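Input: a single structure, listed below in structure tokens.
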Amino acid sequence: MNYVYEYLKKQGYNINTEYYNKINSWIDIWKGEAPWLKVQTIDGDNYPMYSLNIAKRSCEDLASMLTSENYDIKATKNDELLQQTIKDTNFLEQLPENIEKIGYTGTIGTVVRIKNAKVIGKGENAKLVRSQDTKTKVINLLANQIIPLKTENNNFIDVAFISEQTQDINKKKVRLICLETHILKEKGYQISNVFFEKDTGNIIKLDNVLETYNTLSYQPLFSIGKLSKLNPIENNMGLGISIFGEAIDQLQILDLTYNNFGMDFKLGQKILLINQKLTKVEKYEDVDKDGNIVVKERVIYPQEIQKRLFTPIGDEMMQDGTQKPYVYEYNPDLRVGDNADGVQHSLDYYSFKIGYGTKYYSFSTSNGVTATEYIGNRQDLIANGNKNRKKIKKYLTGICKALLLSEKILGNSSVDETQIIEIPDVDNFLEDDGTVLERAQSEVAAGLMSIYTYLTKHKGMTEQEAKQEIELINNENMPITEVREE
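Position 53, counted from 1, in the sequence shown is what my numbering calls 1171; the numbers after and before it change by one each time, with no gaps.
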């Protein structure tokens, strides 16, 4: 990959690649390949630790949270066209996976590409025209495939994207690295494609790809997704931080406590201690890794020795001052409660650090919590969830505008890629129905909400049903007048 950075350096861009080491380490952690899990014994044997791999689980949960409510997208001018492109590109169905990628790499880039279009003209005057096989696709790229070239106020202006593909060249399958740059020029974005042979770094020209073309629009054909948190790591180039990027210590502690929990069970089996007088040492030949014959020893235990080899002894107790029998049992205690508490505390610290609140994960389901405690512990989750959902809305808006621009590039002059994309907020996001209903009832009792609003919004009644219900309530609450006969 160094040849890509060298190429960009010749174009006037000096890329600091140090931050990508952070991103790659987060990817390893997400995969369950954290460096602290790779332990070796004093003999050099691999000794993997037990792990909950909570890093991946928390990214999955982030995706579940932020897609628990649908994103109702609407364009103010070309909505019918937008809905069709959303359906054709299928990008909304990819959203949970993309949010998980944001979770563990900190950033995702989605690029809109036009495939199999006819090219009219050359160079900067080249235009794309729709053919029968023309398709618009969305390509999703991880943070380590995104190279920011120019940013303003944490917004990406000029960007390079790196992707890998295989092409048939001279009847051979060749692995290529594609460097796609989006540079904002005076008349709009200029998009260029350069292909490198992966193994050699040699630049290869492809006949079926337009090397450079101008979109004639200030709207980019890409959208960048990040979490709603500032990145405190230096030299981040505007890229985001993983959801667990500031909680690495908590992940290590959690794996240590969980490993201790598992090891107690693994090593907690009954042990039969036996005096060496009841065993026999046998020598045998083996071949080492260099092919040399070596002599090794192994212990033969009583069940492997013929009975005639046993020698009767007069005293059943060892004559070593310990007063223990030659064979005795050791039954270690299983510290289930202590270990479970340690894991739960570690989970609490971790979930707090990543913004989910202190009680998001429960290692034990036996202890219940009151409704007040549950609501209180969810405040961090709800606040951060709402901020992150707004970031996702911005990311989706960028994709929608890029899709509309692709239609305009292909000749649909009626399209306005700058039009407003509406994605309404969701009321009571991440709050359970019981909490929302309880709050609404309190507001009605305090006179802060009408009974009509409560019935239509929270009980799902139609206007007519609500009016009839209010009439019944009023009739039931009318005072009873006593009638006397004269």
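Each residue gets a CB set at the ideal place from its N, CA and C atoms; glycine is no exception. Please read all numbers here as calculations on a predicted model, not as lab measurements.
Asked                                                                                                                 : Found
Burial state of residue 1266 (16 or more Cβ within 10 Å)                                                              : buried
Residues that residue 1402 bridges to, as DSSP identifies them                                                        : 1414
Under the three-state DSSP convention, the category residue 1285 falls into                                           : strand
Whether residue 1372 touches residue 1172 by CB criterion (8 Å)                                                       : yes
Beta-carbon proximity list for residue 1356, same chain, < 7 Å, skipping 5 on both sides                              : 1266, 1269, 1272, 1274
Same chain only: Cβ atoms within 6 Å of residue 1174, ignoring 5 sequence neighbours per side                         : 1148
Three-way DSSP call (helix, strand, coil) for residue 1536 in this model                                              : coil
Residue 1308 - DSSP class collapsed to helix/strand/coil                                                              : strand
Exposed unless 16 or more other CB atoms sit within 10 angstroms - verdict on residue 1466                            : buried
Inter-residue spacing [alpha-carbon to alpha-carbon] between residue 1587 and residue 1543                            : 30 Å
Residue 1123 vs residue 1312 beta-carbon contact at 8 Å                                                               : no
Residue 1191 versus residue 1327: straight-line alpha-carbon distance, rounded                                        : 32 Å
Test item: CB-CB of residue 1223 and residue 1261 under 8 Å                                                           : yes
For residue 1561 and residue 1138, the rounded distance between their alpha carbons                                   : 50 Å
Residue 1350 - partner residues in DSSP beta bridges                                                                  : Note: residue 1350 sits in no beta bridge, so no partner.
Beta-carbon proximity check, residue 1324 vs residue 1370, cutoff 8 Å                                                 : no
Sub-8 Å separation of residue 1203 and residue 1525 beta-carbons                                                      : yes
Run of the alpha helix (DSSP H) containing residue 1184, from where it starts to where it stops                       : 1172-1184
Residue ranges of each beta strand (DSSP E) within the segment 1197-1238, 3 or longer                                 : 1225-1233, 1236-1238
Anticipated Cβ contact below 8 Å, residue 1339 with residue 1333, distance rounded                                    : 6 Å
Beta-carbon proximity of residue 1114 to residue 1472, cut-off 8 Å                                                    : In the structure as shown, the chain begins at 1119 and stops at 1604. Residue 1114 is therefore absent and cannot be evaluated.
Reduced DSSP secondary structure (H/G/I, E/B, other) of residue 1279                                                  : strand
Own chain partners of residue 1540 with C-beta closer than 6 Å, once the 5 adjacent residues on each side are dropped : 1192
Burial state of residue 1533 (16 or more Cβ within 10 Å)                                                              : buried
Boundaries of the beta strand (DSSP E) in which residue 1248 is found, first to last residue                          : Note, residue 1248: premise wrong, no beta strand (DSSP E); not H, not E.
Length of the line joining the Cα atoms of residue 1301 and residue 1469                                              : 40 Å
Supposed contact pair residue 1343 and residue 1513 - C-beta distance, whole angstroms, cut 8 Å                       : 4 Å
Where residue 1479 falls, given that 16 or more other Cβ within 10 Å makes a residue buried                           : buried
The beta strand (DSSP E) enclosing residue 1341, as first and last residue numbers                                    : 1340-1344
Interface flag, residue 1336 vs chain C, CB-CB below 8 Å                                                              : Here there is only one protein chain, and chain C is not present.
Distance CB(residue 1415)-CB(residue 1403) smaller than 8 Å                                                           : no
Beta-bridge partners of residue 1193, as assigned by DSSP                                                             : 1539
Between the CA atoms of residue 1497 and residue 1594 - distance to the nearest angstrom                              : 39 Å
Coil, strand or helix - residue 1521 by DSSP                                                                          : helix
Residue 1333 (DSSP reduced to helix, strand or coil)                                                                  : coil
Buried versus exposed, by CB contacts within 10 Å (16 or more), residue 1429                                          : Low confidence applies to residue 1429: its pLDDT is 41, below 50, so where it sits in the model is not reliable enough to give any reading.
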